[in-house]
Structures are given as structure tokens and as C-alpha cells.
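In our numbering, the protein residues as written are 160 to 341. Using N, Cα and C, we set each Cβ at its ideal position, and we do this for glycine too.
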Amino acid sequence: MKKYISLLMIFGFLFFFQSCASQGSSDPKIVNTLVDSQEFTFHAQRANPTNYDVINVMNSMPNTTSTRMLNLDGDYTIDVTKSSVEVVLPYFGRLFNPTYGNTDNNSYRFTSKDFSINKSQNKKGTWVFRIKPNDVKTVDEINIEIFKNGKAFVSMRSNDRQPITYDGYVSKSEVKQEKEKL
């Protein structure tokens with residue numbers, strides 16, 4: 160009887176870990192539909208600054224590490240639609256032209272209505288979006304790499320700050336009316 164209980168426990172743990180591992184991935188067909196429609200939302204889960212000074216400062220804080228501090232829990236997204244690109248992302252790094260007194264401009268928070276998108280796919284099936292906003296003076300280019308499983312990698316290149324990258328996943332865009340009600 161103990162043998163059966165231990166076998167059931169092992170299978171229970173295996174099923175539990177299998178379900179936990181599959182939470183962050185999507186069906187490749189769903190990902191392809193999102194990419195083809197060019198309407199999706201990138202949800203940032205982690206920020207990766209390129210400036211080692213920032214990482215060293217975060218590691219010097221007591222009882223924390225930079226790896227935990229750069230895990231993003233908030234609603235940080237890039238909403239891509241055919242008519243606009245809305246970006247709400249934090250920034251960790253060196254600003255060359257900071258705005259004093261108004262700290263809202265020190266992160267990436269903007270909506271672009273005038274932009275160009277270049278979409279391509281590599282041999283492994285990864286989609287690459289190069290978004291160039293023309294009506295935002297601080298951002299040169301947003302690169303979004305979308306993998307088959309729905310995971311995504313974003314890199315932001317700006318004129319007034321060091322580059323930064325984000326890890327996360329893509330999903331179907333939410334309806335704007337639901338966001339406005341909240």
C-alpha cells in the first residue's frame with residue numbers, strides 16, 4: 160500500500176510541475192494569429208538594464224538582489240494595434256536629458272499614432288517586429304521578438320538614454336472600453 164501511495168505522490172508532483180511549466184507558453188497557432196493580425200499586447204515580466212552601474216547599485220542594497228528587483232509585477236505593457244502603439248514600461252538606467260520635477264517623462268509612457276512597422280520571420284520561426292515611432296522624439300526604435308510559444312523579448316533604443324531590454328509574453332489585446340471603465 161505504501162508503494163502505491165508513493166507512486167501516486169510522484170505522479171501528482173509531476174502533473175503539478177508540468178502544469179506550472181506550461182503556464183507561460185501559448186499555442187503556436189494562437190501566436191501566429193496574433194502576429195498576422197498585428198494586434199497584440201506585450202506584457203513585461205522582467206527588465207534587463209544594460210548599465211552595470213544600475214545593477215551594482217541594486218546589488219548593494221541590503222537584503223535584496225538586482226534579479227529580484229527587476230522582476231516586474233505591475234501592468235507594464237506595449238499595446239500594438241493597426242492605428243497606435245501604446246507603451247507603458249519602467250526605465251532603469253542612465254538618462255542623458257532627465258526632466259526634473261516631472262518624473263513621468265523618465266520612464267517609457269507614450270502613445271504613437273504615426274509609426275512604421277517592419278515584420279519579418281527568421282528560419283527558426285521567430286517573428287521580429289521593428290517599430291519606428293515618428294511622433295515620439297525620444298524613442299528611435301522598438302524591437303519585439305516573438306517566439307513560437309508566445310514568449311517575447313523587447314529592446315528599446317532611445318536618443319536620450321541607454322538601451323534596455325524586457326522579457327515577457329504576448330497575448331490578445333484587451334478591448335479599450337474595458338480599460339476605460341476601470
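Within the same chain, show all residues whose beta-carbon is closer than 6 Å to that of residue i, passing over the 5 residues directly before and after it, in chain order.
{"i": "residue 230", "result": "205"}
{"i": "residue 279", "result": "287"}
{"i": "residue 213", "result": "251 and 252"}
{"i": "residue 316", "result": "299, 300 and 322"}
{"i": "residue 209", "result": "321 and 322"}
Return helix, strand or coil for residue i, following the three-state DSSP convention.
{"i": "residue 211", "result": "helix"}
{"i": "residue 219", "result": "helix"}
{"i": "residue 200", "result": "strand"}
{"i": "residue 193", "result": "helix"}
{"i": "residue 323", "result": "strand"}
{"i": "residue 292", "result": "strand"}
{"i": "residue 278", "result": "strand"}
{"i": "residue 333", "result": "coil"}
Skipping 5 residues on each side, what residues in its chain have a beta carbon closer than 8 Å to that of residue i?
{"i": "residue 191", "result": "none"}
{"i": "residue 242", "result": "272"}
{"i": "residue 275", "result": "290, 291 and 293"}
{"i": "residue 296", "result": "318"}
Give the straight-line distance between the Cα atoms of residue i and residue j, rounded to the nearest whole angstrom.
{"i": "residue 198", "j": "residue 244", "result": "10 Å"}
{"i": "residue 307", "j": "residue 284", "result": "7 Å"}
{"i": "residue 277", "j": "residue 248", "result": "22 Å"}
{"i": "residue 265", "j": "residue 189", "result": "35 Å"}
{"i": "residue 270", "j": "residue 233", "result": "19 Å"}
{"i": "residue 332", "j": "residue 268", "result": "18 Å"}
{"i": "residue 324", "j": "residue 207", "result": "5 Å"}
{"i": "residue 258", "j": "residue 220", "result": "25 Å"}
{"i": "residue 239", "j": "residue 186", "result": "20 Å"}
{"i": "residue 281", "j": "residue 222", "result": "42 Å"}
{"i": "residue 309", "j": "residue 217", "result": "30 Å"}
Going by the DSSP bridge assignment, what does residue i pair with across the sheet?
{"i": "residue 328", "result": "202 and 310"}
{"i": "residue 248", "result": "267"}
{"i": "residue 232", "result": "In the DSSP output, where bridge partners are listed per residue, residue 232 has none listed."}
{"i": "residue 304", "result": "287 and 312"}
Kindly list the residues whose CB is nearer than 7 Å to the CB of residue i, restricted to its own chain and excluding five residues on each side of it in sequence; keep chain order.
{"i": "residue 201", "result": "236, 237, 303, 311, 313, 327 and 329"}
{"i": "residue 215", "result": "none"}
{"i": "residue 194", "result": "286 and 305"}
{"i": "residue 256", "result": "319"}
Can we count residue i as close to the ligand MN, meaning its CB is less than 7 Å from some heavy atom?
{"i": "residue 233", "result": "For the ligand MN, the structure offers nothing, since it holds no ligand at all."}
Would a check of beta-carbon distances place residue i closer than 8 Å to chain B?
{"i": "residue 209", "result": "The structure shown contains no chain B; it is built from a single protein chain."}
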